[in-house]
Structure formats: C-alpha cells, structure tokens
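For the sequence shown, position 2 (counting from the first letter as 1) is numbered 4 according to this note's numbering, and the numbering increases by one without interruption. In this text, a Cβ means the ideal position worked out from N, Cα and C, and glycines have one as well.
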Amino acid sequence: MKSSAIRRCGVLFCLLWVLWAPGAASAGAGAFSAPFVPGQPTVPVSSLRPGMKGHLLTVLQGSEPAKLPLEVVSVIPLKGAVGHSVLVRLLAEGMGVAQGMSGSPVYIQGRLAGAVGAGWNFSDHNMALVTPIEDMCRVFDWPDQPLSLKRPLLGSFDLAPRSAPLSLSGLDGRALPALERALGVSVVPSRLTASGELRVREGGAALSPGDALAVLLAWGDVELASTGTVTATSKDGRFLAFAHPFLSRGAVNFPAARAWVHATIDSREFPFKLASPMELVGTVTQDRAAGIGGRLGAFVPAISAELSFRDSDTGRRSTRRFRVVPDPFLSPKLLTGLYQGLLDDEWGRRGQGSFIVTLRVDGRGLENGWARTNVFFSETDASVAALQEAAQTMEMLLLQPFRDVAPAGFRLDVTATEEPRVLYIEDISVPDTVRPGDELDVEVTLRPWRRRPVKKSFRLTMPDDATGACELLVRGGSVTPLPQLALEGGWKSVQDFKTFLRELSASDANNELILELLCDPDALKSPKSDDKRQMAGLLQEEREFLSETKSRRIKAGTLQVSRTEYFVDGFMKRLITIKNED
Numbered sequence: 003m004k005s006s007a008i009r010r011c012g013v014l015f016c017l018l019w020v021l022w023a024p025g026a027a028s029a030g031a032g033a034f035s036a037p038f039v040p041g042q043p044t045v046p047v048s049s050l051r052p053g054m055k056g057h058l059l060t061v062l063q064g065s066e067p068a069k070l071p072l073e074v075v076s077v078i079p080l081k082g083a084v085g086h087s088v089l090v091r092l093l094a095e096g097m098g099v100a101q102g103m104s105g106s107p108v109y110i111q112g113r114l115a116g117a118v119g120a121g122w123n124f125s126d127h128n129m130a131l132v133t134p135i136e137d138m139c140r141v142f143d144w145p146d147q148p149l150s151l152k153r154p155l156l157g158s159f160d161l162a163p164r165s166a167p168l169s170l171s172g173l174d175g176r177a178l179p180a181l182e183r184a185l186g187v188s189v190v191p192s193r194l195t196a197s198g199e200l201r202v203r204e205g206g207a208a209l210s211p212g213d214a215l216a217v218l219l220a221w222g223d224v225e226l227a228s229t230g231t232v233t234a235t236s237k238d239g240r241f242l243a244f245a246h247p248f249l250s251r252g253a254v255n256f257p258a259a260r261a262w263v264h265a266t267i268d269s270r271e272f273p274f275k276l277a278s279p280m281e282l283v284g285t286v287t288q289d290r291a292a293g294i295g296g297r298l299g300a301f302v303p304a305i306s307a308e309l310s311f312r313d314s315d316t317g318r319r320s321t322r323r324f325r326v327v328p329d330p331f332l333s334p335k336l337l338t339g340l341y342q343g344l345l346d347d348e349w350g351r352r353g354q355g356s357f358i359v360t361l362r363v364d365g366r367g368l369e370n371g372w373a374r375t376n377v378f379f380s381e382t383d384a385s386v387a388a389l390q391e392a393a394q395t396m397e398m399l400l401l402q403p404f405r406d407v408a409p410a411g412f413r414l415d416v417t418a419t420e421e422p423r424v425l426y427i428e429d430i431s432v433p434d435t436v437r438p439g440d441e442l443d444v445e446v447t448l449r450p451w452r453r454r455p456v457k458k459s460f461r462l463t464m465p466d467d468a469t470g471a472c473e474l475l476v477r478g479g480s481v482t483p484l485p486q487l488a489l490e491g492g493w494k495s496v497q498d499f500k501t502f503l504r505e506l507s508a509s510d511a512n513n514e515l516i517l518e519l520l521c522d523p524d525a526l527k528s529p530k531s532d533d534k535r536q537m538a539g540l541l542q543e544e545r546e547f548l549s550e551t552k553s554r555r556i557k558a559g560t561l562q563v564s565r566t567e568y569f570v571d572g573f574m575k576r577l578i579t580i581k582n583e584d
C-alpha cells in the first residue's frame, strides 16, 4: 500500500521554478515618511547620566498605564542600528520588568528618553535595557509599503526582548513547533480563547504612551500575536512601540490592536503579561532594529481563511475561520501552520486515514474563483498528507509573478475518515490484437479496500497510424503522473496568470483512474539536460503545455481520466498487437 505523499510535487515545483524571480511578488515600496516627532518633550541619550531618576509607563492590569519609578545605572555604547542602550533599575517593590513591557516609555526628569527594550532571563528582573528615543524615531527613515484602505476587511541566562513571545490562541499541539520553524521565533501556547473577529475602534483610533499594544499575524478563531507597549505618538497619527524588532521584516503591513492585560504574572525565568487584543487601531508599517512604527486608523486587506471539516465516521461538522497578514512571503507559512493545527484539532487524532480535500480560492483576477479536489491517504499521518498539496498551491498562488491576488480568500472543505478509502487496480482485460483506428474496449477490475472487486468499462481509440504494438497503461493519478515536458525541457514558459491557473489545474490528482495508450515509446520520456535539438525536431508533447497535451489526447481517444472519491493505487500494463490490413 502506497502513502498519498504527493507525487505530483514535480509538476508543482516545476511550475514554481519557471515562474520564480526574486522579488517578483513583493509589494511596491511606498514613499518615505516624514521624520517622526514624538508628541512629548524628549531628552537625548548624550544627556543621560548614572543616578538620574525617572519612571516608566506600562499597563499591569486592565488598560490604564501605571507609573513605575526607576533610575539610570549606566549608558552603554553599541555598534549597529542602535547606537546606545541605557541600563536602568526599577525602584518600586514588585516583580520587576515583564514580557509585554517592551516599548514602555521611560521618562527621565519629565522628558521621554526611550523605551524598555530588553532584560535578562533568570536574573534581577528590576534591571532592564532602554532603547534611546532618537534611535527609535529612525524606524521611519525607510519607505512604507502602500496602505490602500482606511478600514479593515471584515531555559538559559540570556538577554531577551521584553515583548511577549508570539502567543498562539485557539490551537496547540504541533502547530506551535511548525510555526516556530517557519517564523524563526518562539511561539508559546495561550490558554486564553482567541478573540474572534476584532472590531474597529468607534469614533477614531487613538493610542497613548504606555498603552498595551498587540501586533497580529493571525486573528479570528485562531490568534497569533505578540503584546508590547506604545512608546510615543505623533500629531500626524503615527506611533512607536516595542523598542526592539518584532520579526525584523522591514516595511510591513501588520494589524495593530489595543490590548487588555488580564494580569502581570511573576516568574523566576521572566515575569509576563497575560493579554488579549481588544480592537484594531491601525497598522504596523515598520519593523526595524530599534522598534516598530505604524499608523493609526489605516488598514490593508487581510487574507481570509476557512476550514469546513466533516468527520464521516462520527458525522460531526465544524467550521473555523481566521485571517492572516497580507504578506506573500509570510502568509503561506502562517496558512500552512494554522491549517495543520486546525486539522489536527478538528479530527482529534493522528494516524492512518483518508481525506477528501477541496481547496477553493477567491481573489483579485479570479472572477469565478478557482478550485481543486483531491483525495489523500496515509498509513501514518493522514492530516499531514492531506495538507501538502494545498500548502504548495497556496504558496504558488501568493508568490506567482503575474498579479497580486490580494485580497485573497482560501477555503478548505475536508471530509475525513479513519478508513482507507483506497481503490486498488487489480486487473485489466483487453483484446490481444486490434486494427489502427479501431475502438479499444478496456475492462478494469478495481477493489476497494477489503471489499468485493468491481469492474468498470472504458473505451479508447487506436491511432490511425499505429503500427507494431501499443502499450496500454492503467494507473492511479499519483503514480508516474504526466510530466510538463515543455517546461521541464525549457522549451516553453508560463507567461500569464491565465496559463498559470490552467497548468495548475492540469496536474494529475490522486483520485483519478487514468488510462493511456502509448504507441510512441519516446513520446513521454523526460527531456535530457544536454538536449541539443531545435524546436522543429521536438516531439509534440515537448512543444505543448500539459493541459494542451491532455486535451489533445483525450480528444484523440488515447487518454481517458475517470474521477473517483477514492485514492487510486497501483498501475498495470498490457501490450496490444496492431493488426494491419493485408
């Protein structure tokens, strides 16, 4: 029994390879922002001295910032994008600096000096490093990405940034390590319920220094976010926060939400804030070494995602919805990790099983949408096997160089069962001899797993010029799928979005029973890398896209594709002698 690991990957990666050009899918850069001017008086780092007193503002519980006294211990020169760090000590009794306090504004003698940026694990939590305000203001020295909408569419001893790590709500299990590998940052489970569809603040967005701020990568029935603190705002509607990078991705479009702090919890490793996003207030546009910056009241379209799940063994149905940030390079990783976690969560198990999966896509340039259905079976991990093709397809759609499909929507309709929904090719029956141009009757014996075999009849047409012998191949769509000879050989390339979608649809599916007549044994050989032939000397299949080859051969009667609701396994051959007229 063969696993349903995707054997059509060669076709998908072939498409991705010929389409890919570095930076082709990146959004165009916007204009440079004006210099950021904080709305409060500031003090330069050059004026700070040990022993100076001040305070920081941060939310410890609820939404109102508290004032915590501190003093300057030392000013530390650095090399790099951040020129200095200011070492401070909290003077109030308590648990000290906590995760989620990054960006908390620090005032020295009544003027804004910077914001809490880092501290140390398993150490004195009253000690913290402050990023100077002049370094933070420089996050707006780079151009922003375009903002098109005004409203959103519905354990060691080490230095550590003091924002909360990415917190995942609504999921657990292997979604966490998968997202950690994909994003390269720590992801921790949150025991809080995901906030659902976040509302927009009525009466206009507003933030103040010291407010708790959540930056979102995903939100809805699942939530992936990090909480920090607002450092400063400006009169032109911009804000600074975090005092260290979020993901260090430069110009970005990440939703920003006001957060509610349920509590600040003590910990020997590092205290932390337990917080939930409340309402969307704007967009983070810069993610730089000295902090993050963004705009209030400005939003971009998100990528929407939905999972409609049915367990055919129990009859249980469920639907989960979420959104992810509109970043074509980051979104595929988020979609894959979150969909995998949702599949595990909804099925409630791991192991053998069969999945019928339909991926539906809507977006710009997809007037009637696009959809593909496939069936997957695995002896060891069915939910992983079920997602591989959809993950590759979503990535290619978001990265293809022809057009931006955002705002895009992805929907996975999934039916799962523990039963192996596998159809085995057991036998084929054909005449021994046939004349050129005659119809060829084929009887295929198929056996569903541990059930009685069934017989299916098909009819192919022998080519008029057939001589000698032809080979009949009956196979499942996952076995030796038809190749993209023209693309693999470099004779053609995909040059527009319409062709891209057509070839994406043309690849064989696991649930297909495919009958092929091969009367030219050279017709389907893969091209050699040192092929020196000119276009006129190529086989017809090497001058066509796969969709064109399949359409031509189906019309000629030498190819027939029958779709089933099973994973079709196996292949068989028969040699047919051509009887020419005397």
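For phenylalanine 38, the closest alpha carbon among the candidates Lys237, Ala265, Leu561, Thr566 is that of Lys237.
Scanning its chain for C-beta atoms nearer than 6 Å, with the 5 sequence neighbours on each side dropped, one finds no residue around glutamate 369. The stretch 177-260 is shown to contain whole beta strand (DSSP E) runs of 3 or more residues at 189-191, 214-222, 225-235, 240-243, in chain order.
Residue pairing for histidine 86: DSSP places it in a beta bridge opposite Pro79. Of the residues assessed, glutamine 542 falls on the exposed side of the cut-off, its CB having fewer than 16 other CB atoms within 10 angstroms. Annotation: alanine 130 to valine 118 spans about 7 Å, alpha carbon to alpha carbon.
As a beta-bridge residue in DSSP terms, methionine 574 pairs with Val476.
Under DSSP, the beta-bridge partners assigned to alanine 68 are Thr60. Looking from the CA of glycine 230, the closest CA among Pro279, Ser269, Val74 belongs to Pro279.
Assignment of beta-bridge partners to glutamate 514 by DSSP yields Arg565. In the same chain as leucine 62, and ignoring 5 residues on each side of it, the C-beta atoms closer than 6 Å to its own belong to Ala68, Thr266, in chain order.
Inclusion of arginine 351 and aspartate 415 in the CB contact set at 8 Å is not warranted, their separation being larger than that value. Straight across, the Cα-Cα distance linking arginine 251 with proline 148 is about 15 Å. Here the alpha carbons of valine 190 and valine 77 stand approximately 33 Å from one another.
Taking the Cα of valine 446 as reference, the smallest distance to any Cα among Arg453, Tyr426, Thr463 is reached at Tyr426. Counting only the Cα atoms, tryptophan 372 lies some 9 Å from glycine 365. With contacts defined by Cβ atoms closer than 8 Å, isoleucine 135 and glycine 56 do not form a contacting pair. Excluding five sequence positions before and after threonine 469, the CB atoms of its chain that fall closer than 7 Å to its own CB belong to Ile580, Asn582, given in chain order. The three-state secondary structure of proline 43, taken from DSSP, is coil. If you look at alanine 36, you'll find it isn't in any beta strand (DSSP E); DSSP assigns it neither H nor E. Annotation: the continuous alpha helix (DSSP H) that includes methionine 138 extends over 135-139. Taking a contact as a CB-CB distance under 8 Å, the pair phenylalanine 324 and alanine 220 counts as one, their CB atoms being some 6 Å apart. Here the stretch 547-554 makes contact with the stretch 501-517; the two share three or more CB pairs at distances below 8 Å. An exposed status is given to alanine 471, since fewer than 16 other beta-carbon atoms sit within 10 Å of its beta-carbon. In the structure shown, threonine 321 adopts extended strand secondary structure according to DSSP, grouped into three states. Taking the CA atoms as reference points, isoleucine 294 sits about 18 Å from serine 169.
DSSP places alanine 94 in no alpha helix (DSSP H); its state is neither H nor E. Your pair threonine 285 and asparagine 255 checks out as a contact, with CB atoms roughly 6 Å apart and the cut at 8 Å. Within its own chain, the residues whose Cβ lies closer than 6 Å to the Cβ of serine 564, once the five positions on either side in sequence are excluded, are Leu515, listed in chain order.
When secondary structure is reduced to three states using DSSP, arginine 504 falls in the helix class. Here proline 71 has Lys55, Gly56, His57, Leu92, Leu93, Ala94 as same chain residues with Cβ atoms under 8 Å from its own Cβ, once five neighbours each way along the sequence are excluded. Shown here for tryptophan 493: same chain residues with a beta carbon closer than 6 Å to its own, the five before and five after excluded, namely Glu544 in chain order. Between arginine 260 and aspartate 213 the beta-carbon gap is near 6 Å, inside 8 Å, which marks them as a contact.
Between glutamate 567 and arginine 423, the gap from beta carbon to beta carbon is short of 8 Å. The shortest C-alpha to C-alpha distance from valine 302 to any of Thr287, Leu309, Asp174, Arg413 is the one to Thr287. Nearest to threonine 435 by alpha-carbon distance, out of Leu340, Arg477, Arg576, Arg453, is Arg576.
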